[in-house]
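> The numbers in the working numbering rise by one with no breaks, and the one at position 10 of the sequence shown is 1504.
We put the beta carbon where it would ideally sit given N, CA and C, even for glycine.
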Amino acid sequence: MGLALRKTQEALAPAPSRHPRLAYRPEVDGLRAIAVLSVILYHAKFSRFAGGFVGVDIFFVISGYLITSILLWEIRAGTFSLVGFIERRVRRIFPALAVMLTVSTLAAYHLLEPMRLTRFCSSVVAVLGFSANLYFIRNHGYFEPDPDYFVLLHTWSLGVEEQFYLFLPMLLVFLSRRDSIRKFVLAGIGAFSFVLCIWASTRSEYSALNFYSLPTRAWELLLGSLVAFVPMHRVKLSRKYSRISRVLGGLGLVAVFYSVLRLDGDDPFPNWSALLPTLGTVALLLFESAKTPIGRVLSHPALVGIGLISYSAYLWHQPVFLFVRALNAGVLSRWQYGVLSLVALAVGFLSWRFVEKPFRNRERFSRAQIFGASAGIALALALTALSIRQSEGFTDRVRPVQEFFDSAVPATEMRKKCHLEDLAQSASYSGCKLFSERPAWASFGDSHVVEPANALAAKLGRHGQGIWHFSFSGCGVRSLLFEHRCSAVFRRSLNQILNDPYVKNVFLGFRYARDWHDTPLSRAEDYYTRWEKIENIESRRQSETAMRELIKRLGAAGKRIILMYPIAEYPDSITDALYSHRFSTKLDEALSIPREWVEARNAETIKFLDTLADGAGIVRLIPFDVFCDKTVCKRTFNGKSMYYDDDHLSPSGAARLIDALPEEFLLPKSK
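1. According to DSSP, phenylalanine 1938 sits in a beta bridge with which residue or residues?
2. State the start and end residues of the unbroken alpha helix (DSSP H) segment that holds leucine 1600.
3. Excluding the five sequence neighbours on either side, which residues of its own chain have a C-beta within less than 7 Å of the C-beta of leucine 1690, listed in chain order?
4. Taking alanine 1592 as the reference, which of Ala1529, Trp1962, Ala1876, Val1577 has the closest Cα?
5. Give me the DSSP bridge partner(s) of isoleucine 2087.
6. Suppose contacts are defined by Cβ-Cβ distances below 8 Å. Is lysine 2053 in contact with valine 2000 by that definition?
7. On a CA-only basis, which of Leu1769, Leu1950, Leu1566 is nearest phenylalanine 1554? Give me that one, please.
8. With burial defined as no fewer than 16 other Cβ atoms inside 10 Å of the residue's Cβ, what is the status of methionine 2136: buried or exposed?
9. Pull the bridge partners of tyrosine 2137 from the DSSP assignment, please.
10. Please say whether aspartate 2140 and serine 2067 have beta carbons closer to each other than 8 Å?
11. Considering only the alpha carbon of each residue, which of Ser1541, Leu1716, Val1943, Ala1934 lies closest to glutamine 1959?
12. Is the beta carbon of proline 1795 sitting closer than 8 Å to the one on asparagine 1704?
13. Can you list, in chain order, the residues of its chain with a C-beta nearer than 8 Å to that of leucine 1836? Leave out the 5 residues immediately preceding and following it.
14. Would you list, in sequence order, the uninterrupted alpha helix (DSSP H) runs of no fewer than 4 residues that lie entirely inside the stretch 1803-1871?
15. Would you report the Cα separation of alanine 1571 and leucine 1720, rounded to the nearest angstrom?
16. Starting from methionine 2058, follow its DSSP beta bridges and name the residues at the other end.
17. Mind checking whether methionine 2058 and proline 2145 have CB atoms under 8 Å apart?
18. Can you tell me whether histidine 1537 is helix, strand or coil according to DSSP?
19. Does the stretch 1918-1931 come close enough to the stretch 1881-1888 to have 3 or more Cβ pairs within less than 8 Å?
20. Leaving aside the five residues before and after arginine 1847 along the sequence, list all residues of the same chain whose C-beta is less than 6 Å from its C-beta, in chain order.
21. So, with DSSP's three-state summary, where would you put cysteine 1980?
22. Measuring only the C-alpha atoms, how far is phenylalanine 1686 from glycine 1549?
23. Along the chain, where does the beta strand (DSSP E) containing leucine 1770 start, and where does it finish?
24. According to the Cβ coordinates, are valine 1645 and alanine 1602 closer than 8 Å?
25. Short of 7 Å in beta carbon distance, which residues of its chain neighbour alanine 2154, apart from the five on each side in sequence? Order them along the chain.
26. Using only the alpha-carbon positions, how far apart do isoleucine 2055 and phenylalanine 1938 sit?
27. Compute the Euclidean distance between the alpha carbons of arginine 2035 and leucine 2161, then round it to the nearest angstrom.
28. Identify which residue in Arg1932, Ala1952, Ser1973, Thr1612 has its Cα closest to the Cα of aspartate 1994.
29. Would the stretch 1579-1596 count as touching the stretch 1738-1755 if we require 3 or more Cβ pairs under 8 Å?
30. Quick one: Cα of tyrosine 2064 to Cα of leucine 1666, how far?
31. Starting from cysteine 1615, trace the alpha helix (DSSP H) both ways and give me its first and last residue.
32. Candidates Glu1977, Ala1517, Ile1961, Ser2037: which alpha carbon is nearest phenylalanine 2004's?
33. Output the distance between the C-alpha atoms of leucine 1611 and leucine 1780, rounded to the nearest integer angstrom.
34. For lysine 1927, which residues does DSSP report across the bridge?
35. Would you say leucine 1975 and glutamate 2043 are within 8 Å of each other, going by their C-beta atoms?
36. Hey, would you say leucine 1778 sits closer than 8 Å to leucine 1747, going by beta carbons?
And the structure:
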């Protein structure tokens, strides 16, 4: 073990001729290992590591400490060179990044459907400009439930770091030569950044900006920078304060592990809680060494080894996870994530051994070669990504599935003309009438009712009947009784139906699962492992109360009710699933899921709907009986998609559902 540790130390130790006073600290690599493992296990959906995202915060403090230490030594020794600094950053960051981007682009071309491929290519261009964080501010929140196959989401942290290192060297060079002035200025900037971060964390509209931007993250890097000003030998070797130092170091480790295991993404982050992992890291940097008890644990060869490959492992873990998800129709079990976490570490080792190490060797690759090759590779990758984006993802590259995509387009007249997508327009909304100014039918609900209502309208039109349609995106039935952003338009629209003497039939449909549970299940893994644990009792209670009241009011007004039961939700979008299974010879079967899962997910909803007053006043339309046999529920029939995403019926699917209603049921009643 001692020999292994010595070899590890020798492998990463700075060259004595350049930085003779910067001794290698193996415990810092151990801390890096904790950081990268936390992030990997968090992205692998291991619930025990709910706060694993703070691994990036730990990295920021370590990075600020190490880079500032080197810069201070060079500036004090008079050997600092901006070109030399940039060269070190390029050698450190770009070769491994370029290999990951190249492989990921090839994989994305073959595995991602056009829309996601286009988004991926946009993110590639942003990463190459070290502005991925700015791209994701505009396009995707880190804690949103669906990663949306943003393969490069994790590269936001590289953008923050490189933007920080555009300014730090110049600040240190042009400030006073006195360290006291440098520390004062850096501390002032850090304090301002922290205050800005806390302020932004209290405003939901700035959540993405707060998470991804340099101004609200700089304080974490600057904490590490300030540690670099502390003379380590005085902290480590002072016998007078050794006991206090060990206590503070221990508290630092507790703070780090508490953050990883107990924090979560439910509250805006970073906020006050970000002080736990960052100050904990500061304490470990200040008060631990390879000779202290905690330092010896952190210096264990296994942790040091993972710390060595931490950058490459961090680069590769997200592409490994998401591309395998794409291959596996968006579904990964816990054990699969565990295996892939080990794969990410293995790929990280290969990248460190055969990419990182060789390109850091100045004897093998000169400065001119590094700059020239990096510029050429970056340009080639950018042009490739831009050309794919310009072509909108080469929509015709997999022709056999194009017919499915065409059948999945939700371009119905009902959705275009009658559905309220933007609640900002709700004041003037009064639905729309099709085929008659005095329709005997009305349709009412959220986005799940739109395509079925459109198919119903088409059949009614053939019999000379009209329909009055009302639907509102994201508006559950609880809007009727409990105050919600949808309540005003929901109640007003219902009153229009209740007070219209010509409307005799009302077609109802909602996305019940959204209100019975905290969130729709857009994460594939949740469908199989977590859905039963996230029931929202209060939302369910309100929805049931409101549904009973809705049925009561419609019945009292003499309306016949056609009640559409839940539509099965799938773990991934139909377009993603089609690309994942495009080579399957039995596509209908490949895209299906067990009926027992769908019924279990909706068991409480179905049980409740079954209790509603039965009789001539309610006709029940059950999608499960239309799209499912005894064992599976299907998304495609005879070359046509029944869905246009993961939970909304396509026009083809809606037509199939409405065909389940007997024709005579739709005929106008004779006088």
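Based on what the coordinates show:
1. The residue you call residue 1938 lines up with position 444 of the sequence shown. Residue pairing from DSSP places phenylalanine 1938 in a beta bridge opposite Phe1964, Leu2002.
2. Against the sequence shown, residue 1600 aligns to sequence position 106. Under the DSSP assignment, leucine 1600 falls in the alpha helix (DSSP H) whose first and last residues are 1576-1605.
3. Within the sequence shown, numbered from 1, the residue matching residue 1690 stands at position 196. Result list for leucine 1690: Pro1709, Thr1710, in chain order.
4. Walking along the sequence shown from the start, residue 1592 turns up at place 98. It is Ala1876 whose Cα lies nearest to the Cα of alanine 1592.
5. Locating residue 2087 in the sequence shown gives position 593, where the first residue counts as 1. According to DSSP, which records beta bridges pairwise, isoleucine 2087 is partnered with Cys2127.
6. Translated into positions along the sequence shown, residue 2053 becomes position 559. Translated into positions along the sequence shown, residue 2000 becomes position 506. Yes, the Cβ-Cβ distance between lysine 2053 and valine 2000 is below 8 Å.
7. On the sequence shown, position 60 is the one that residue 1554 refers to. Considering only alpha carbons, the answer is Leu1769.
8. Start at 1 with the first residue of the sequence shown, and residue 2136 comes out as number 642. That one is buried.
9. As a working mapping, residue 2137 is identified with position 643 in the sequence shown. In the DSSP output, where bridge partners are listed per residue, tyrosine 2137 has Leu2143.
10. What you label residue 2067 is simply residue 573 of the sequence shown in a count that begins at 1. What you label residue 2140 is simply residue 646 of the sequence shown in a count that begins at 1. Yes.
11. Here the question's residue 1959 lines up with position 465 in the sequence shown. Of the listed residues, the one whose Cα sits closest to glutamine 1959 is Ala1934.
12. As a position in the sequence shown, residue 1795 is number 301, starting the count at 1. As a position in the sequence shown, residue 1704 is number 210, starting the count at 1. For proline 1795 and asparagine 1704, no; Cβs fall outside 8 Å.
13. By 1-based counting over the sequence shown, the position of residue 1836 is 342. Here the set comprises nothing.
14. 1804-1821, 1828-1845, 1851-1854
15. In the sequence shown, the residue the question calls residue 1571 occupies position 77. In the sequence shown, the residue the question calls residue 1720 occupies position 226. Approximately 19 Å, taken between the alpha carbons.
16. Residue numbering aside, residue 2058 sits at position 564 when the sequence shown is read from its first letter. Leu2115, per the DSSP bridge assignment.
17. In the sequence shown, counting from the first residue as 1, residue 2058 sits at position 564. In the sequence shown, counting from the first residue as 1, residue 2145 sits at position 651. Not a contact, by the Cβ cut-off of 8 Å.
18. Here residue 1537 corresponds to residue number 43 of the sequence shown, with the count starting at 1. Note: histidine 1537 maps to helix in three-state DSSP.
19. Look at the beta carbons and you see the stretch 1918-1931 not touching the stretch 1881-1888: under three pairs across the two are nearer than 8 Å.
20. Your numbering for residue 1847 matches position 353 in the sequence shown. Contacts found: none.
21. Within the sequence shown, numbered from 1, the residue matching residue 1980 stands at position 486. Here cysteine 1980 sits in coil by DSSP.
22. Stepping through the sequence shown from its first residue, residue 1686 is reached at position 192. Stepping through the sequence shown from its first residue, residue 1549 is reached at position 55. Taking the straight line from one Cα to the other gives about 23 Å.
23. Taking the first residue of the sequence shown as position 1, residue 1770 is located at position 276. Premise fails: leucine 1770 lies in the alpha helix (DSSP H), 1769-1781, not in any beta strand (DSSP E).
24. Locating residue 1645 in the sequence shown gives position 151, counting from the first residue. Locating residue 1602 in the sequence shown gives position 108, counting from the first residue. Cβ atoms of valine 1645 and alanine 1602: closer than 8 Å.
25. Here residue 2154 is taken as the residue at index 660 of the sequence shown, counted from 1. Leu2115, Val2120, listed in sequence order.
26. Looking up residue 2055 in the sequence shown gives position 561. Looking up residue 1938 in the sequence shown gives position 444. The alpha-carbon atoms of isoleucine 2055 and phenylalanine 1938 are separated by roughly 11 Å.
27. Looking up residue 2035 in the sequence shown gives position 541. Looking up residue 2161 in the sequence shown gives position 667. For arginine 2035 and leucine 2161, the distance between alpha carbons rounds to 37 Å.
28. Locating residue 1994 in the sequence shown gives position 500, counting from the first residue. Taking only the C-alpha atoms, the option nearest aspartate 1994 is Arg1932.
29. no
30. For the purposes of this step, residue 2064 is identified with residue 570 of the sequence shown, where counting begins at 1. For the purposes of this step, residue 1666 is identified with residue 172 of the sequence shown, where counting begins at 1. Distance between the alpha carbons of tyrosine 2064 and leucine 1666: 54 Å.
31. Here residue 1615 refers to the residue found at position 121 when the sequence shown is read from its first residue. 1608-1622 is the extent of the alpha helix (DSSP H) around cysteine 1615.
32. The residue given as residue 2004 occupies position 510 in the sequence shown. The shortest CA-to-CA distance from phenylalanine 2004 to any of Glu1977, Ala1517, Ile1961, Ser2037 is the one to Ser2037.
33. The residue you call residue 1611 lines up with position 117 of the sequence shown. The residue you call residue 1780 lines up with position 286 of the sequence shown. If I take the Cα positions, the gap works out to 45 Å.
34. Sequence index remark: in the sequence shown, residue 1927 carries index 433 (1-based). DSSP output for lysine 1927 lists Trp1962 as bridge partner(s).
35. Within the sequence shown, residue 1975 is the residue found at index 481, counting from 1. Within the sequence shown, residue 2043 is the residue found at index 549, counting from 1. Their beta carbons are under 8 Å apart, which means leucine 1975 touches glutamate 2043 by this criterion.
36. Taking the sequence shown and counting its residues from 1, the one referred to as residue 1778 is at position 284. Taking the sequence shown and counting its residues from 1, the one referred to as residue 1747 is at position 253. Yes, Cβ-Cβ distance for leucine 1778 and leucine 1747 is below 8 Å.
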